[in-house]
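Residue numbers (full-length UniProt numbering): 1 to 160.
Even for Gly, the Cβ is constructed at its ideal location relative to N, Cα and C.
To start, the structure itself, in structure tokens.
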Amino acid sequence: MPKVEHAPHKDGDCFVNYENKVFEDVKAQPGEKALVTFHTVANEGSVGFVNLLQATRLIRKGFETSVLLYGPGVTLGVQRGFPRLGDEAFPGHMNCNNQISKILEEGGKVYACRFALQALYGYGEQNLIPGITPINPQDVLDIILLARRDNAFILNTWTL
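Okay, here's the thing in structure tokens:
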């Protein structure tokens, strides 16, 4: 059996040089916009949460940022908790809800498709996190087209 001849790693050790930033820290120019779309199921992978973090980062970089929840993406915007709404059943359980609330608090806009809410998932507008704006299903394409027309940065989040 090969012999391991180095000490085990300990808390505080680094495996990579996380301080070496290769690219400039881009900030928004006055009036620049961003749209982050979500067609992904809440809590079924990391992409929903990671791109909510990206949306928050876009706000902090100065972009006028909107988040679009459509299809299964509306599940990111519904109130949850256990045993009561807002209660975190286990660490991280409320990550998406908390991040959407942070986006709203920091000036971002969040929209949710009414069709997906009701027809696909059986939720009503009262199930949304306060501050999310419900929209007509025909608005889903129009918000994307408006962002394109405004030369906004668009980050599309998709899972199947």
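- Here H9 is exposed, its C-beta having fewer than 16 other C-beta atoms within 10 Å.
- In the DSSP assignment, T56 falls within the alpha helix (DSSP H) that extends over V47 to R60.
- Relative to the Cα of V78, the nearest Cα in the group L128, L69, N95 and D87 belongs to L128.
- Residue range N95 to E105 is occupied by the alpha helix (DSSP H) that includes E105.
- At a Cβ-Cβ threshold of 8 angstroms, K109 and T75 do not count as neighbours.
- In this structure, Y111 lies near I143, with their beta-carbon atoms less than 8 angstroms apart.
- Excluding sequence positions up to five before and after I59, its CB lies within less than 7 angstroms of the CB of T65, I103, E106, G107 and G108, all in the same chain and listed in chain order.
- The three-state secondary structure of L85, taken from DSSP, is coil.
- Annotation: N151 to V26 spans about 16 angstroms, alpha carbon to alpha carbon.
- About 15 angstroms separates the Cβ atoms of Q99 and L68, ruling out a contact at the 8 angstroms cut-off.
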